[in-house]
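In the numbering used here, the protein residues as written are 22 to 508.
Glycine included, C-beta positions come from ideal geometry on N, C-alpha and C.
This structure is a prediction, so every number in the text was calculated from the model and none was measured.
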Ligand SMILES: Cc1cc2nc3c(=O)[nH]c(=O)nc-3n(C[C@H](O)[C@H](O)[C@H](O)COP(=O)(O)OP(=O)(O)OC[C@H]3O[C@@H](n4cnc5c(N)ncnc54)[C@H](O)[C@@H]3O)c2cc1C
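This is how it looks when you write it as structure tokens:
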């Protein structure tokens with residue numbers, strides 16, 4: 022008997038992971054990707070001798086990548102290598118304070134005591150609380166479909182309910198941080214974790230204080246060959262399992278008949294299938310691919326997450342004071358988020374993230390040089406004049422980095438390119454260029470996300486727009502949740 026056919030729409034990281042899982046289940050799997058390359062946001066660019074990971078740079082929970090190799094009976098190390106980073110981030114403040122956020126708890130507490138002159142035991146307790154939120158909620162909240170009754174009839178959910186008083190459900194991240202930490206700079210560092218899923222810490226529920234534990238407790242990692250090696254190694258694995266990738270193949274329609282999937286339409290061709298897994302952002306999926314299906318209004322009306330303005334700069338100098346991840350904070354964080362989510366523009370003093378993969382992958386930049394990925398959080402696209410905004414942000418970023426690092430940055434940039442919300446949308450079909458689907462600026466946001474399944478039999482959804490967390494690990498989890506539901 023012929024294998025059942027699974028068709029995957031899109032080869033983002035969740036699409037690739039779904040393809041692997043469906044192949045392991047015994048399906049004949051084909052992936053249809055609009056671009057000429059796989060990976061979606063997790064892609065790469067080369068520029069005059071510099072290599073840049075184009076999108077994600079922060080890598081947590083590597084076991085979700087490894088799990089895919091083990092599931093397929095392969096040794097992950099043969100395909101994909103990574104290392105734990107001793108320092109999660111270098112933090113720079115306008116008043117000259119410089120703080121290394123060590124992965125090791127004792128070193129971090131010592132650093133905070135030395136640099137901020139406070140009793141670090143409050144930070145210690147705050148990190149313990151983050152671990153408690155993780156332990157109480159991750160199984161019930163992150164690893165199962167929130168939209169299946171069966172998910173809620175488990176010991177994990179009971180455990181989660183028993184811990185409700187500690188989950189910060191009825192306060193914001195910022196208020197929980199203010200209460201738990203004893204220095205404004207620590208509050209700012211912990212508020213920043215809201216940006217890990219494109220949200221506003223002054224609005225997002227305090228349960229998002231689960232995120233610091235992912236970084237501090239479980240750790241920050243980096244692939245030995247850069248972030249793009251996650252895409253490359255998983256595509257290699259999928260191909261070895263017999264998955265076929267079709268590039269330059271935009272899916273025009275997901276076809277259903279009598280509430281059951283019958284296939285997809287690609288480049289004027291009808292391709293029959295038993296299961297369709299949609300890795301396209303859920304909003305364009307309903308707008309363009311499922312034209313005859315009633316769209317779930319509430320889900321689709323949710324506020325998009327933030328987007329990003331990124332400058333890829335080849336820098337002809339090395340900076341020993343910088344690390345793999347560096348943050349240069351604004352002096353007014355609340356105003357930065359107000360401008361982003363309410364005015365839908367960018368503060369003149371934005372927080373700047375500088376990621377330098379050549380600190381770990383030496384070959385990513387020529388000798389004596391560094392590849393700077395410089396990112397500012399910006400609103401999703403609602404028709405702003407992005408060319409004008411880009412020039413303004415570029416100037417403000419350069420002035421800020423000049424001020425704090427005491428350099429003349431413009432003279433060191435030898436090559437450059439950029440990514441903005443319009444390009445993100447064009448290259449990945451992500452609604453309004455949002456990085457993580459919808460924001461979590463509402464206590465109920467996680468529950469309003471689209472489920473991983475549909476009323477149409479055989480249709481499933483995966484990726485950043487259908488998981489409450491967003492980010493690579495949670496996209497990988499969305500693939501697990503969806504494919505576990507496939508009979
Ligand atoms: C600048 C930036 C920085 C980020 N930083 C981090 C970070 O540090 N850490 C982290 O964990 N996450 C980060 N993220 C988020 C992370 O990249 C995403 O959560 C994740 O990569 C999304 O994967 P996905 O599977 O949802 O799909 P996507 O990457 O969005 O890919 C979807 C794919 O589907 C294809 N597609 C869409 N529609 C169709 C169609 N009709 N037919 C065929 N193909 C279609 C698209 O072309 C695309 O290739 C960042 C994202 C960006 C853009």
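| query | result |
| --- | --- |
| Segment contact, 8 angstroms Cβ cut-off, at least three pairs: the region 360 to 373 with the region 409 to 420 | yes |
| Proximity test, residue 128 beta-carbon vs ligand 1 heavy atom, cut-off 6 angstroms | no |
| Cβ-Cβ separation, residue 247 to residue 74 (assumed contact under 8 angstroms), whole Å | 5 angstroms |
| Three CB pairs or more closer than 8 angstroms across the region 39 to 47 and the region 59 to 69 | no |
| Complete runs of the alpha helix (DSSP H) confined to the region 293 to 332 [at least 4 residues] | 318 to 321 |
| Secondary structure of residue 49, DSSP reduced to three states | strand |
| Boundaries of the alpha helix (DSSP H) in which residue 445 is found, first to last residue | 442 to 449 |
| Residue 224 beta carbon near ligand 1 (any heavy atom closer than 6 angstroms) | no |
| Three-state secondary structure assigned by DSSP to residue 348 | strand |
| Cβ shell of residue 431 (< 7 angstroms), same chain only, five flanking positions each side left out | 419 |
| Counted within 10 angstroms of its Cβ, other Cβ atoms place residue 146 as buried (16 or more) or exposed | exposed |
| Any non-hydrogen atom of ligand 1 closer than 6 angstroms to residue 55 Cβ | yes |
| Paired residues, beta bridge with residue 266 - DSSP | 52 |
| Closer than 6 angstroms: residue 418 CB and nearest ligand 1 heavy atom | no |
| beta-carbon residue 372 near ligand 1 non-hydrogen atom, thresh 6 angstroms | no |
| For residue 157, the first and last residue of its enclosing alpha helix (DSSP H) | 142 to 158 |
| Check whether residue 132 and residue 119 have beta carbons under 7 angstroms apart | no |
| Alpha-carbon to alpha-carbon, residue 294 and residue 346 | 43 angstroms |
| Per DSSP, the bridge partner or partners of residue 192 | DSSP output for residue 192 lists no bridge partner at all. |
| Helix, strand or coil at residue 34 according to DSSP, with G and I counted as helix | helix |
| Segments assigned beta strand (DSSP E), at least 3 residues, entirely inside the region 195 to 267 | 242 to 244 and 265 to 267 |
| Helix, strand or coil at residue 291 [DSSP, three-state] | strand |
| Cβ pair count under 8 angstroms reaching 3, the region 258 to 265 against the region 488 to 498 | no |
| Residue 89 vs residue 49 beta-carbon contact at 7 angstroms | no |
| Coil, strand or helix - residue 343 by DSSP | coil |
| CB of residue 433 within 7 angstroms of CB of residue 336, strictly | yes |
| C-alpha distance - residue 428 paired with residue 343, whole-angstrom precision | 13 angstroms |
| Environment of residue 290 [buried if 16+ CB atoms lie within 10 Å] | exposed |
| Nonlocal neighbours in the same chain, by C-beta distance under 6 angstroms from residue 453, ignoring five residues either side | 325, 401 and 402 |
| Reduced DSSP category for residue 438 - H, G, I as helix; E, B as strand; rest coil | strand |
| Alpha-carbon to alpha-carbon, residue 235 and residue 254 | 23 angstroms |
| Cβ-based neighbour list, residue 470, same chain, cut-off 8 angstroms, excluding 5 preceding and 5 following | 167, 320, 323, 458, 459, 486, 487, 488 and 489 |
| Presumed contact (8 angstroms Cβ cut-off) between residue 272 and residue 287, rounded CB distance | 5 angstroms |
| Residue 496 beta carbon near ligand 1 (any heavy atom closer than 6 angstroms) | yes |
| Per DSSP, the bridge partner or partners of residue 68 | 71 |
| Cα-Cα separation, residue 280 to residue 269 | 29 angstroms |
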